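Number 278 in this note's numbering belongs to position 236 of the sequence shown; there are no gaps in the numbering. Even for Gly, the Cβ is constructed at its ideal location relative to N, Cα and C. This one's a predicted model, so the numbers in the text were calculated from it and none came from an experiment.
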Amino acid sequence: MNFLNKMERKFGKYAISNLSMYIIITYAAGYLIELMAPAVVGYLTLEPGLILRGQVWRLVSWILIPPDSLDFWTIIMLYFYYSIGNTLERTWGTFRYNVYIFGGVLFSILGAFFLYFIMGGRVLLGTAFSTYYISMSIFLGFAATYPNMQVLLMMIIPLKVKYMGIAYAVLLAVQLIMSSWATRVVIICSLMNFIIFFLSTRKMYRYSPNEIRRKQAYKRAVHQSQVNHITKHKCAICGRTEQDGEHLEFRFCSKCNGNYEYCQDHLFTHTHIK
């Protein structure tokens, strides 16, 4: 977290605001490509072997591959991801949300190259690496940050987000157990951003909604306390101010050296300061 704080002070101005909108735009572009030119998808996949042969655009173009086929429920889910992504950006801050998303992209690329070299460079990964698990990491991040928020499952059933997060985690665990080790690498690398942000640090609680509200309430209380303690008059003898009573009157003493103010009880009885 200290490292992120330093990075944010230095590079925070370059963070992309409303990143979730651009993610949805890439999904829309991917669906359009699948619909109008499906053969082009083969030139977009994350293939380390082809990247090393000069097709460097694949380092970026694979994020255009959408997580699922386009239908009504996919549109609902994309809107859901857009909403929770914006919520996370407002909660964590634009820079940290950028780091979270681009961290998932970077770890996916590293995982692809890891598989390529482990398999001796004789493998094509196809669409194994897509934005599916990055989208899932957005939801897992939201579930970890807002565990008690209630959503409507299938737009009908009220359910707390933490239970959906647990269901996702169980699904991932089953996939890890039942899949090949290559698929396990894909899953782990794609979700490494979530692992780092939530399981490898004990300080992420600072960005939970409850902690943020607590800090905001504390700042308001401190500010109000400071405002309430700013007074115009203060007796140099007893320390009383106009807040100690509306009946109190204060005057400066012309015989004292300096700006000394006294209440009516000590204006004529104090010892003059020379």
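So, under 8 Å CB-CB, Gly-146 and Ile-176 are touching, yes? Tell me the CB distance rounded to an integer number of Å. With a contact defined as Cβ atoms closer than 8 Å, Gly-146 and Ile-176 qualify at about 4 Å.
So Pro-90 is in the alpha helix (DSSP H); what residue range does that whole segment cover? 90 to 94
Kindly indicate which three-state DSSP category Lys-274 falls into: helix, strand or coil? coil
Along the chain, where does the beta strand (DSSP E) containing Phe-294 start, and where does it finish? 292 to 294 is the extent of the beta strand (DSSP E) around Phe-294.
Can you give me the start and stop residues for the alpha helix (DSSP H) that Cys-280 sits inside? It is not in any alpha helix (DSSP H) - Cys-280 carries neither H nor E in the DSSP assignment.
Measuring straight from C-alpha to C-alpha, what distance separates Lys-204 and Ala-211? 10 Å
Among Tyr-56, Ala-154, Gly-183, which residue has its Cα nearest to the Cα of Val-227? Ala-154
Within this structure, are the beta carbons of Leu-130 and Phe-184 separated by less than 9 Å? yes
Quick one: residues in its chain with C-beta nearer than 7 Å to the C-beta of Ile-93, no 5 flanking neighbours on either side, listed in chain order? Arg-100, Leu-101
Where does the unbroken beta strand (DSSP E) through Glu-288 begin, and where does it stop? Looking at the DSSP string, Glu-288 is not in any beta strand (DSSP E), and its letter there is neither H nor E.
Please check if any C-beta of chain E sits within less than 9 Å of the C-beta of Leu-233. Among the chains of the structure shown, chain E does not appear; only one protein chain is present.
Provide the residue span of the alpha helix (DSSP H) that contains Tyr-64, from first to last. 61 to 78
Can the beta-carbon of Ile-58 be found less than 9 Å from the beta-carbon of Thr-136? yes
Three-state secondary structure assigned by DSSP to Leu-233: coil
Same chain, Cβ closer than 8 Å to Leu-61, five either side skipped, listed in chain order: Gly-127, Glu-131, Thr-136, Tyr-139, Asn-140, Ile-143
Given this structure, state the Cα-to-Cα distance separating Glu-50 from Thr-133, to the nearest angstrom. 15 Å
List the whole-angstrom C-beta distance separating His-314 from Phe-292, where the pair is believed to meet the contact cut-off of C-beta under 8 Å. Contact doesn't hold; Cβ gap of about 17 Å is too wide.
Going by Cα to Cα distance, which pick from Leu-182, Lys-297, Ile-117, Ala-278 is closest to Tyr-304? Ala-278
Rounded to the nearest angstrom, what separates Ala-81 and Met-161 at their Cα positions? 26 Å
Buried or exposed for Ala-79, going by 16 or more other Cβ atoms inside 10 Å? Exposed, because fewer than 16 other Cβ atoms sit within 10 Å of the Cβ of Ala-79.
Could you spell out the range, first to last residue, of the beta strand (DSSP E) harbouring Lys-202? 199 to 202 is the extent of the beta strand (DSSP E) around Lys-202.
For the alpha helix (DSSP H) holding Tyr-142, just list the boundary residues, first then last. Run containing Tyr-142: 136 to 160, per the alpha helix (DSSP H) assignment.
Identify the continuous alpha helix (DSSP H) that holds Tyr-85 and give its terminal residues. Here Tyr-85 belongs to no alpha helix (DSSP H), and DSSP marks it neither H nor E.
Leaving out five residues before and five after Pro-109 in sequence, what residues of the same chain have Cβ atoms less than 7 Å from its Cβ? So the list reads Ser-172, Thr-173, Tyr-174, Ser-177, once near-sequence residues are dropped.
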